[in-house]
């Protein structure tokens, strides 16, 4: 739970306790409908506390899912880099790459054109 959520939860609890205290203190001294209205109003902050806990749980779930997706993305990036590395290592030579497979470097082991027209 974040600091803001904790602060709101404490404020909601304080308001609920204050309204409950006022409801008990006014019981029998004011009309019944006002006492009942105050009792119902003291339940509203309880709903706020429940909402904050649900939001905190959802935030935790989203954080876990984002972390998992981040690990998957890192794995995909590592796999793509390994594939690219293997392709580059399997290539003939630098000159072969830059000349569109028409010539080779002097130290190239293949020394033959991979071009099908030759």
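Residue numbers (the numbering used here): 2 to 119. Where a beta carbon is used, it is the ideal one built from N, C-alpha and C, also for glycine. Since we're looking at a predicted model, the values are computed, not measured.
Beta-carbon gap between residue i and residue j smaller than 9 Å
i          : j           : result
residue 94 : residue 108 : yes
residue 44 : residue 14  : no
residue 6  : residue 57  : yes
residue 39 : residue 62  : no
residue 54 : residue 10  : yes
Spatially closest choice to residue i from the options, by CA coordinates
i          : options        : result
residue 19 : 34, 59, 29, 41 : 41
residue 48 : 70, 3, 12      : 12
residue 3  : 59, 31, 26, 70 : 59
Completely contained alpha helix (DSSP H) runs for the region 22–81, where each covers 4 or more residues: Counting only runs of 4 or more, we get 33–42.
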